[in-house]
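Protein chains in written order, with our numbering: chain A, 706 to 1107; chain B, 3 to 168. Heads up, the beta-carbon is just placed ideally off N, CA and C, and yes, glycines get one too. Remarks on the structure that follows.
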Amino acid sequence: MTTQVDIVLDRPEQPQEHQVLNMGPQHPSTHGVLRLVLELDGEIVVNCEPVVGYLHRGMEKLAESMTFHMFTPYTDRLDYLAPLANNVALTTAQEHLIGIEIPPRAQAIRVLCTEMSRISAHLLGLGAFAMDVGAMTVFLWCFRERETIYNLIEHISGARFTTSYTRVGGVANDLPDGFLDELKAFIDQFPEQIESFEKMLSRNRIWIDRTKDIGVVTKDEAIAWGLTGPNLRGAGVEWDLRVHRPYLGYETYDFDIPIGAVGDCYDRYLCRIEELKESTKILQQVIAKMPGGPVNTQDSKISLPEKSKVLQGMDELIHQFILITEGQDAPPGESYFGAENPKGELGFYFRSKGGGYPDRMFIRSPSFINLQVLPLMVKGRYISDVVAILGSIDFVMGECDR
Amino acid sequence: MTDIRTELAALAAGIDGVESIDDLRGDPSFRATTSSFHGFIQRLRDDEALRFTFLVLITGADNYLDEPRFDVTYRLRSLERNQDLRINVAVPGEEPELATVTDLFPTANWLEREVYDMFGVRFSGHPNLTRILMWEGFEGYPLRKDYPLLGNTPGTPGYLGKGGKA
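Right, dumping it as structure tokens:
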């Protein structure tokens, strides 16, 4: 394939007739409403300009007129493949702004939510990536596993996609009876499934041809372009917020950071596969040492009282009323918290003037920033490689456009 | 290894127009003027001991009715030292303009376009300063505080015609 690239570069004085091709916004392999304006020389991409914004809903503007709890459902619609992880990231960022600690059981439940989402999101990323380059079977196998996770998520939160499970100071409700056993049953059989995905792909001739040495991003480029998540680690940078900036008690779990060697599509694929294994390891540890106790802070200025008590007690009624109408009181100032989400670092920047409404909220969305590197990756490659590269970046337009 | 805060304070003291400010959650924070911030960021990136090579975010905020009206925030990260820092730059409301940092961090490209799109702060020297989330031809800057949250504006999706209610 490199010879093809050389042909383009070796004849600059020849008159070049470039063709402009619109890929998207409805192209199935762009995973949502992404439009790529490709400048082509025959079948080789000379230039690429991603056009984003088709799914812009003005979330940051909306957040300015909402209390902290009111914004939680919007995060379900950010990275809609891992809504629970977004809920956790938002609420933890709000707690970072307000300055509160949550009980150990709530922390463990949130870790459980994040890692379940990570498995589900990576399965979709892997399945869609494989399908884009022609491996239909892996896609179906991944979706079979995701179905089980969605059932588990439905048990915790009552919804499969629009979870809105977390609350400032904890989570909406405790885990249902027997949930940990169900999760354990899934976790116990899951490593076998990962092995079957690997058997299908890792040494598959077609898969290697389509992904090896394609879309290479070096270590320095990855840092300069602000990549995060498996895309950064695939380029060989050992950086994981769960390890380097432990939150929610991640320092108590034992897991490794997988990193790639070259930074091509194949490395990013391997990183995701390894992260599936690491998440499984974390989930096993969470199940083994799930602490008891409350799932919300006992501060009545932060977490909502029980509904049954609201209807009987004066204090609870007042607290409920104040929390719903005015929200939690945040100190004036600026804060930023980034969480390691399946796609990368999902960060929330808050600028507060005091009171229950943020003056400004900025969502540092990993998909938006990771997508920027696409032109660098696709230049000099075939159109069919664009599809493979898009799959390997693993972005979601809901999060990119906000 | 010496304390990174002392090193940062020493570096900031050497540059005119950069001062340390307090932060709610204790991150090292600085306020820089429109003329000094670019040099400061460049020093932070190129310093061999600090290596703030990762740009986390650029975003704006609107202090409507106050001057200077806009605040542009840069957040940098040193992966080696595992440290974040924040730089705020105040930008006047009349013809807001700042120097671009795309020459230092390629990732600033879309982030600056977004600040321009949402607040109307121009970045001089930017290679392609166009709207990114809103469409070309859109009027106004949505995240400014004087931009209405609801409305019935001609040319926007969902426009109900004259006299319609949004």
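Status (buried if at least 16 other CB within 10 Å, exposed otherwise) for residue i
i: Gly1052(A); result: buried
i: Arg115(B); result: buried
i: Met706(A); result: Because the pLDDT of Met706(A) is 43, which lies under 50, any placement of that residue in the model is unreliable, and the number read from its coordinates should be weighed accordingly. So Met706(A) ends up on the exposed side.
i: Ile911(A); result: exposed
i: Gly883(A); result: exposed
i: Val725(A); result: exposed
i: Gln44(B); result: exposed
i: Ala12(B); result: exposed
i: Met728(A); result: buried
i: His723(A); result: exposed
i: Arg7(B); result: exposed
i: His761(A); result: buried
i: His949(A); result: exposed
i: Glu820(A); result: buried
i: Ile1029(A); result: exposed
i: Ser1013(A); result: exposed
i: Pro996(A); result: exposed
i: Pro1071(A); result: buried
i: Met1066(A); result: buried
i: Ser80(B); result: buried
i: Thr708(A); result: A caution first: Thr708(A) carries a pLDDT of 45, below 50, which makes its placement in the model unreliable, though a value can still be read off. Thr708(A) should be labelled exposed.
Residue i at chain B interface by Cβ criterion, 9 Å
i: Gly763(A); result: yes
i: Ala1152(A); result: Absent from the model: residue 1152(A). The displayed extent of chain A is 706 to 1107, so no value can be given.
i: Ser1040(A); result: yes
i: Lys766(A); result: yes
i: Pro730(A); result: no
i: His801(A); result: yes
i: Tyr1087(A); result: no
i: Arg865(A); result: no
i: Pro778(A); result: no
Cβ shell of residue i (< 6 Å), same chain only, five flanking positions each side left out
i: Glu850(A); result: Leu828 and Gln898
i: Leu955(A); result: First, the amino acid is wrong: residue 955(A) is Tyr here, not Leu. Hits under 6 Å: Arg947.
i: Thr853(A); result: Phe891
i: Thr35(B); result: Gly19
Own chain partners of residue i with C-beta closer than 8 Å, once the 5 adjacent residues on each side are dropped
i: Asn130(B); result: Asn111 and Arg115
i: Leu1(B); result: The structure shown has nothing for residue 1(B), since chain B only spans 3 to 168.
i: Asp24(B); result: Ser31
Segment limits, beta strand (DSSP E) that includes residue i
i: Gln1025(A); result: Gln1025(A) -> not in any beta strand (DSSP E); alpha helix (DSSP H) instead, spanning Met1019 to Thr1030.
i: Gln898(A); result: Looking at the DSSP string, Gln898(A) is not in any beta strand (DSSP E); the run it does join, the alpha helix (DSSP H), is Phe884 to Leu906.
i: Ile110(B); result: Looking at the sequence shown, residue 110(B) is not Ile but Ala. From DSSP, Ala110(B) is part of no beta strand (DSSP E) but of the alpha helix (DSSP H) over Ala110 to Phe121.
i: Ile89(B); result: Gln85 to Val93
i: Leu741(A); result: Arg740 to Asp746
i: Pro755(A); result: Ile749 to Val756
i: Asn1001(A); result: Premise fails: Asn1001(A) is in no beta strand (DSSP E) and is neither H nor E.
i: Asp73(B); result: Phe72 to Ser80
i: Phe1053(A); result: Gly1049 to Ser1057
Below-9 Å beta-carbon distance, residue i vs any chain A residue
i: Leu131(B); result: no
i: Ile134(B); result: yes
i: Ala168(B); result: With a pLDDT of 44 at Ala168(B), under the threshold of 50, the modelled position of this residue cannot be trusted, and the question is left open.
i: Arg7(B); result: no
i: Leu13(B); result: no
i: Pro2(B); result: The structure shown does not extend to residue 2(B), since chain B is modelled only from 3 to 168, so the question has no answer here.
i: Asp2(B); result: Nothing can be reported for residue 2(B), as the shown portion of chain B is limited to 3 through 168.
i: Asp86(B); result: yes
i: Pro70(B); result: no
i: Asp2(B); result: Because chain B is modelled from 3 through 168, residue 2(B) falls outside the range shown and cannot be assessed.
i: Arg77(B); result: yes
i: Leu145(B); result: yes
7 Å CB neighbourhood of residue i in its chain, flanking five on each side removed
i: Cys970(A); result: Thr916, Ile919, Gly920, Ala1093, Ile1094 and Ser1097
i: Thr868(A); result: Asp781, Pro788, Leu789, Asn792, Ile858 and Ser862
i: Ile807(A); result: Glu800, Gly874, Gly875 and Thr1002
i: Gly998(A); result: Pro808, Pro809 and Arg810
i: Lys147(B); result: Asp64 and Tyr66
Span of the alpha helix (DSSP H) around residue i
i: Leu726(A); result: First-last for Leu726(A): Gln724 to Met728, but that is the beta strand (DSSP E), not the alpha helix (DSSP H).
i: Met1066(A); result: Note, Met1066(A): premise wrong, no alpha helix (DSSP H); beta strand (DSSP E) at Pro1063 to Arg1069.
i: Arg851(A); result: Met841 to Ser862
i: Val1092(A); result: Ile1088 to Ile1098
i: Leu13(B); result: Ile6 to Ala15
i: Leu67(B); result: Leu67(B) -> no alpha helix (DSSP H), and no H or E assigned at all.
i: Ser984(A); result: Cys970 to Ala993
Cβ of residue i within 9 Å of any chain C Cβ
i: Gly758(A); result: Looking for chain C here will not work: the only protein chains present are A and B.
Query - chain A contacts made by the region 32-65 of chain B, where a contact means CB separation under 7 Å - result: Thr55, Phe56, Leu57, Val58, Leu59, Thr61 and Ala63
Query raised in the report: In chain order, what residues of the region 100-114 of chain B put their CB closer than 8 Å to some CB of chain A?
Result: Phe107, Pro108, Thr109, Asn111, Trp112 and Leu113
Query - Members of the region 1068-1081 of chain A that neighbour chain B once the beta carbon cut-off is set at 9 Å - result: Arg1069, Phe1073, Ile1074, Leu1076, Gln1077, Val1078 and Leu1081
Query raised in the report: If you measure beta-carbon to beta-carbon, which residues of the region 923-935 of chain A are closer than 7 Å to chain B?
Result: Ile928, Ala929, Trp930 and Gly931
Query raised in the report: Between the region 946-972 of chain A and chain B, which residues of the former have CB atoms less than 9 Å from a CB of the latter, in chain order?
Result: His949 and Arg950
**Report entry** Against chain B: residues of the region 1006-1027 of chain A by CB proximity under 7 Å
**Finding:** none
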